[in-house]
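Structure first, then comments.
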Amino acid sequence: MTATAFAPGTEERFALARQVADAVLFEGYVLYPYRASAAKNRLRWQFGVLVPPAWGAGCEEHDFQHTECLMEPRKGATLSVEVRFLHARRRTVQRARPDGGHDTVPELRLDDRILVPWDEGGEERVELVVPVEELLGDGVTHPFRIPAREDTEPVLDAAGRTVGRLVRRCEEVVGTVRLSACELDGPYRTSRLTAVVENTSDWVPPEGRAADRDAALPHSLVATHLLMALSAGSFLSMTDPPEWAKGAVAACRNLHTWPVLAGEPGRADLVLSSPIILEDHPAIAPESPGALYDATEIDEILALRTAALTDEEKREARGTDPRAAAVIDLADSMPAEVLERLHGAVRGLREVTGETGAPGFPGFPDEHGVRRPDTPWWDPASDAGFDPDHDTVVVGDRSVGKGSRVELRPGLRHTDAQDLFLRGSTATVEAVLHDVDGAVHLAVTVDGDPGADIRREQGRYLYFQPDEVVPLEAGP
Numbered sequence: 282m283t284a285t286a287f288a289p290g291t292e293e294r295f296a297l298a299r300q301v302a303d304a305v306l307f308e309g310y311v312l313y314p315y316r317a318s319a320a321k322n323r324l325r326w327q328f329g330v331l332v333p334p335a336w337g338a339g340c341e342e343h344d345f346q347h348t349e350c351l352m353e354p355r356k357g358a359t360l361s362v363e364v365r366f367l368h369a370r371r372r373t374v375q376r377a378r379p380d381g382g383h384d385t386v387p388e389l390r391l392d393d394r395i396l397v398p399w400d401e402g403g404e405e406r407v408e409l410v411v412p413v414e415e416l417l418g419d420g421v422t423h424p425f426r427i428p429a430r431e432d433t434e435p436v437l438d439a440a441g442r443t444v445g446r447l448v449r450r451c452e453e454v455v456g457t458v459r460l461s462a463c464e465l466d467g468p469y470r471t472s473r474l475t476a477v478v479e480n481t482s483d484w485v486p487p488e489g490r491a492a493d494r495d496a497a498l499p500h501s502l503v504a505t506h507l508l509m510a511l512s513a514g515s516f517l518s519m520t521d522p523p524e525w526a527k528g529a530v531a532a533c534r535n536l537h538t539w540p541v542l543a544g545e546p547g548r549a550d551l552v553l554s555s556p557i558i559l560e561d562h563p564a565i566a567p568e569s570p571g572a573l574y575d576a577t578e579i580d581e582i583l584a585l586r587t588a589a590l591t592d593e594e595k596r597e598a599r600g601t602d603p604r605a606a607a608v609i610d611l612a613d614s615m616p617a618e619v620l621e622r623l624h625g626a627v628r629g630l631r632e633v634t635g636e637t638g639a640p641g642f643p644g645f646p647d648e649h650g651v652r653r654p655d656t657p658w659w660d661p662a663s664d665a666g667f668d669p670d671h672d673t674v675v676v677g678d679r680s681v682g683k684g685s686r687v688e689l690r691p692g693l694r695h696t697d698a699q700d701l702f703l704r705g706s707t708a709t710v711e712a713v714l715h716d717v718d719g720a721v722h723l724a725v726t727v728d729g730d731p732g733a734d735i736r737r738e739q740g741r742y743l744y745f746q747p748d749e750v751v752p753l754e755a756g757p
């Protein structure tokens, strides 16, 4: 076992997967309006936080992640593992005194930015390579320790004079990676791989601060996730496994993380185990102009609202964090053509027609890559034959339309976590909708929802496909 050299070609595969893994690493790192003073930026980091055991015992956060997935390694294969997380760097701001000393201050105002105390996140990696045969039985245990450290950075004004400094301190982080595998019974040479990442710090909360999350963060592994690659062999999809492996996949135990196939589409030799639920072979949208760190919002809205911040708000954002400053600069410098590209993209037609478009819909990308077809790909007049208030769809042996009551049965095939919470709930169909690809969708309000009247007034519904509902009564 080594912590230095990956198998040939592994680094290139990891580099491709890191494009998505970086989005996981920095998800929610700093939220719009990108200022430290904003209420939403006072509770930092929500995904993949592995806290010290002494603090995690009294809260709802965890000190470990447990990943299990299936693999089919070839003889002599090695497993390369990269644990990635953020290490909180607590930053304080100090003003320079005439005598050469420094005073800690709540802010330091400069012409272009306002520096304030803040927790920055520095990326850390733990790398190891293990022959697959060594994983059998008890497996391997790899402890790691990242020592405490402190550094200072001088702060210069526009004239180049030193007016203060930033002091950054990292606390010690201690953890363990445990890897093991066991061969499964059956005609296929398949093994279940287990990977556990633990925070093993002996830090304990100061007396009287048992519930202080802020004190625990510098000793935590933040946004923790795993990249795992086989030098020879493949992993099985945990989302869409072959029929013969479905039982073994269902028996896998994944706690506080979920593994998906990653890297180049069509290959299955790399897995990303993430605290955020993803699909197999996730990818960054080609339209995305850069990291905005607030993926719960739409890039177009974020870019427009960020550009509309006042000069004073932008000064504070630039002083909050270098990544926040980069978002401000990106929004201020974004060409109109790139902003237009954020308005939306139709990927279903690309799968059918190819990148060059269908005959009659050639499209010519401009210098910014924005495709401008000579002929619209969709004719709004085609909507004339549909009426959401009166259209119906047959579900089972019943006709379902507006006013029908149904039981929600969201399926695992195309369901997000929020929809799964509604499984078994009853709902009322508000409209039957048809999209441009010919699919049918049922707009519903959940029975007992106190906001149902507001949803009807605003036309904001929940949407399910016909095979995700069971009729409770015939439609009109």
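Under my numbering, residues 282 to 757 are what the sequence shown spells out, in order. Yeah, the Cβ is synthetic: ideal placement off N, Cα and C, and Gly gets one too.
Discussion item. If contacts are defined as beta-carbon pairs under 8 angstroms, then Leu416 and Ala462 qualify, I think. What distance do you get, rounded to the angstrom?
Written reply: Locating residue 416 in the sequence shown gives position 135, where the first residue counts as 1. Locating residue 462 in the sequence shown gives position 181, where the first residue counts as 1. Confirmed, Cβ separation roughly 4 angstroms.
Worksheet item: Under three-state DSSP, which class holds Thr601?
Response: On the sequence shown, residue 601 is found 320 positions in, with the first residue counted as 1. In the structure shown, the three-state DSSP call for Thr601 is helix.
Practice prompt. Inspect the CB distances between the region 448-467 and the region 423-437 and report whether three or more fall short of 8 angstroms.
Written response: By the C-beta criterion, the region 448-467 is judged to be in contact with the region 423-437, since at least 3 inter-stretch pairs fall below 8 angstroms.
Worksheet item: I think Thr505 touches Leu331, with their Cβ atoms under 8 angstroms apart; what is that distance to the nearest whole Å?
Response: Counting from one through the sequence shown, the residue named residue 505 turns up at place 224. Counting from one through the sequence shown, the residue named residue 331 turns up at place 50. Right, their Cβ atoms sit about 5 angstroms apart.
Discussion item. With H, G and I counted as helix, E and B as strand and the rest as coil, what does DSSP make of Val301?
Written reply: In the sequence shown, counting from the first residue as 1, residue 301 sits at position 20. Val301 carries a helical assignment under DSSP once its states are collapsed to helix, strand and coil.
Worksheet item: Is it right to say Trp525 is buried, meaning 16 or more other beta carbons lie within 10 angstroms of its own, or is it exposed?
Response: Within the sequence shown, numbered from 1, the residue matching residue 525 stands at position 244. That one is exposed.
Worksheet item: Taking the continuous beta strand (DSSP E) assigned at Arg459, which residues delimit it?
Response: Within the sequence shown, the letter at position 178 stands for residue 459. For Arg459, the enclosing beta strand (DSSP E) begins and ends at Val454 to Glu464.
Worksheet entry | Three-state secondary structure (DSSP) of Gln346 | Position 65 of the sequence shown, counted from the start, is the residue given in the question as residue 346. DSSP places Gln346 in strand when its eight states are reduced to three.
Item to complete: Hey, could you find the ends of the beta strand (DSSP E) Asp697 is sitting in?
Response: Here the question's residue 697 lines up with position 416 in the sequence shown. For Asp697, there is no enclosing beta strand (DSSP E), since its DSSP letter is neither H nor E.
Worksheet entry | Distance between Arg473 and Glu621 (C-alpha atoms, nearest Å) | Position 340 of the sequence shown, counted from the first residue, corresponds to residue 621. Position 192 of the sequence shown, counted from the first residue, corresponds to residue 473. So the alpha carbons of these two residues sit roughly 46 angstroms apart.
Discussion item. What does the alpha-carbon distance come out to for the pair His383 and Glu434?
Written reply: One-based indexing of the sequence shown puts residue 383 at position 102. One-based indexing of the sequence shown puts residue 434 at position 153. Cα to Cα, the separation comes out at about 13 angstroms.
Practice prompt. With distances taken Cα to Cα, identify the nearest neighbour of Thr385 among Val619, Pro556, Leu391 and Arg372.
Written response: By 1-based counting over the sequence shown, the position of residue 385 is 104. The shortest Cα separation from Thr385 among Val619, Pro556, Leu391 and Arg372 belongs to Arg372.
Item to complete: Measure the beta-carbon distance from Leu703 to Val727 and round it to whole angstroms, keeping in mind my assumption that it falls under 8 angstroms.
Response: Counting from 1 along the sequence shown, the entry for residue 703 is found at position 422. Counting from 1 along the sequence shown, the entry for residue 727 is found at position 446. So it is a contact: roughly 6 angstroms between Cβ atoms.
Worksheet entry | Simplified DSSP state of Leu559, which is helix, strand or coil | For this step, residue 559 is matched to residue 278 along the sequence shown. In the structure shown, Leu559 sits in coil (DSSP, three-state: anything other than H, G, I, E or B).
Practice prompt. Go through its chain and collect everything with a Cβ distance to Asp613's Cβ below 7 angstroms, but skip five positions before and after it.
Written response: On the sequence shown, residue 613 is found 332 positions in, with the first residue counted as 1. Within the same chain, Asp613 has close Cβ partners Ala588.
Discussion item. Nearest by alpha-carbon distance to Glu464: which of Glu353, Thr591, Trp326 and Glu408 is it?
Written reply: Against the sequence shown, residue 464 aligns to sequence position 183. Per the Cα distances, Glu353.
Practice prompt. Determine the direct distance from the alpha carbon of Leu585 to that of Ala320, and round the result to whole angstroms.
Written response: What you label residue 320 is simply residue 39 of the sequence shown in a count that begins at 1. What you label residue 585 is simply residue 304 of the sequence shown in a count that begins at 1. One C-alpha to the other measures close to 21 angstroms.
Fill in: Anticipated Cβ contact below 8 angstroms, Asp399 with Asp602, distance rounded
The residue given as residue 399 occupies position 118 in the sequence shown. The residue given as residue 602 occupies position 321 in the sequence shown. The residue you asked about is not Asp; residue 399 is Trp in the sequence shown. With a beta-carbon spacing of about 6 angstroms, Trp399 and Asp602 fall inside the 8 angstroms limit used to define contacts.
Worksheet item: Under 8 angstroms between the Cβ atoms of Val411 and Leu460?
Response: One-based indexing of the sequence shown puts residue 411 at position 130. One-based indexing of the sequence shown puts residue 460 at position 179. Val411 is a Cβ neighbour of Leu460, given a cutoff of 8 angstroms.
Worksheet item: Within 10 angstroms of its Cβ, does Ala617 collect 16 or more other Cβ (buried), or is it exposed?
Response: Within the sequence shown, the letter at position 336 stands for residue 617. By the beta-carbon neighbour count (other beta carbons within 10 angstroms, threshold 16), Ala617 is exposed.
Item to complete: Note down the Cα distance separating Pro643 from Arg599, rounded to an integer number of angstroms.
Response: Counting from 1 along the sequence shown, the entry for residue 643 is found at position 362. Counting from 1 along the sequence shown, the entry for residue 599 is found at position 318. Because Pro643 sits at a pLDDT of 45, beneath the cut-off of 50, its placement in the model cannot be relied upon, and the following sentence gives the value as read from the coordinates. Taking the straight line joining both Cα atoms gives about 43 angstroms.
Worksheet item: Using CA coordinates, which residue listed in Asp592, Pro314, Leu689 and Pro546 is at the minimum distance from Ile582?
Response: Reading the sequence shown from its first residue, position 301 is the one you call residue 582. The option with the nearest alpha carbon to Ile582 is Pro314.
Worksheet item: Which whole-angstrom value describes the C-beta separation of Ala298 and Gly544, a residue pair presumed to lie in contact below a C-beta threshold of 8 angstroms?
Response: Your numbering for residue 298 matches position 17 in the sequence shown. Your numbering for residue 544 matches position 263 in the sequence shown. With a beta-carbon spacing of about 5 angstroms, Ala298 and Gly544 fall inside the 8 angstroms limit used to define contacts.
Worksheet item: Any idea what DSSP makes of Gly682, helix, strand or coil?
Response: As a working mapping, residue 682 is identified with position 401 in the sequence shown. Three-state result, Gly682: strand.
Worksheet item: Across which residues does DSSP place Pro412 in a beta bridge pair?
Response: What you label residue 412 is simply residue 131 of the sequence shown in a count that begins at 1. Paired residues: Thr359.
Item to complete: Would you mind working out which of Ala476, Arg596 and Thr443 sits nearest Asp419, comparing C-alpha positions?
Response: Within the sequence shown, residue 419 is the residue found at index 138, counting from 1. Measuring from the Cα of Asp419, the nearest candidate turns out to be Ala476.
Fill in: Alpha-carbon to alpha-carbon, Gly456 and Ala607
For the purposes of this step, residue 607 is identified with residue 326 of the sequence shown, where counting begins at 1. For the purposes of this step, residue 456 is identified with residue 175 of the sequence shown, where counting begins at 1. One Cα belongs to Ala607, the other to Gly456, and the distance between them is close to 32 angstroms.
Worksheet entry | Spatially closest choice to Leu507 from Gly719, Leu306 and Ser318, by CA coordinates | Start at 1 with the first residue of the sequence shown, and residue 507 comes out as number 226. Leu306 is the residue among Gly719, Leu306 and Ser318 whose C-alpha sits nearest the C-alpha of Leu507.
Worksheet item: With respect to the beta strand (DSSP E) encompassing Phe622, which residues constitute its N-terminal and C-terminal limits?
Response: To locate residue 622, count along the sequence shown from 1; it is residue 341. Per the sequence shown, residue 622 should be read as Arg rather than Phe. That residue, Arg622, is in no beta strand (DSSP E); its alpha helix (DSSP H) goes Ala617 to Arg622.
Worksheet item: What whole-angstrom Cβ distance do Gly403 and Leu367 have, given they're in contact under 8 angstroms?
Response: Mapped onto the sequence shown, residue 403 falls at position 122. Mapped onto the sequence shown, residue 367 falls at position 86. The Cβ separation is near 7 angstroms, so the contact holds.
Worksheet item: Could you give the distance in angstroms between the alpha-carbon of Val619 and the alpha-carbon of Asp550?
Response: As a first step, residue 619 must be located in the sequence shown, where it is residue number 338. As a first step, residue 550 must be located in the sequence shown, where it is residue number 269. Looking at the two C-alpha atoms, the distance is approximately 35 angstroms.
Fill in: Cβ pair Glu754, Ser680 closer than 8 angstroms
For the purposes of this step, residue 754 is taken as the residue at position 473 of the sequence shown. For the purposes of this step, residue 680 is taken as the residue at position 399 of the sequence shown. No. Outside cutoff.
Practice prompt. Report the residue ranges of all beta strand (DSSP E) runs contained in full by the region 687-752; include only those spanning at least 3 residues, in chain order.
Written response: DSSP runs (the beta strand (DSSP E)) wholly in the region 687-752: 707-715, 721-727, 743-745 and 750-752.
Practice prompt. Give me the Cβ distance between Glu568 and Val541, rounded to the nearest whole Å; I'm assuming they're in contact under 8 angstroms.
Written response: Within the sequence shown, the letter at position 287 stands for residue 568. Within the sequence shown, the letter at position 260 stands for residue 541. The C-beta distance from Glu568 to Val541 rounds to 22 angstroms, too long to meet the 8 angstroms contact threshold.
Worksheet item: Rounded to a whole number of angstroms, what is the C-alpha to C-alpha distance between His343 and His671?
Response: Translated into positions along the sequence shown, residue 343 becomes position 62. Translated into positions along the sequence shown, residue 671 becomes position 390. Taking the straight line from one Cα to the other gives about 50 angstroms.
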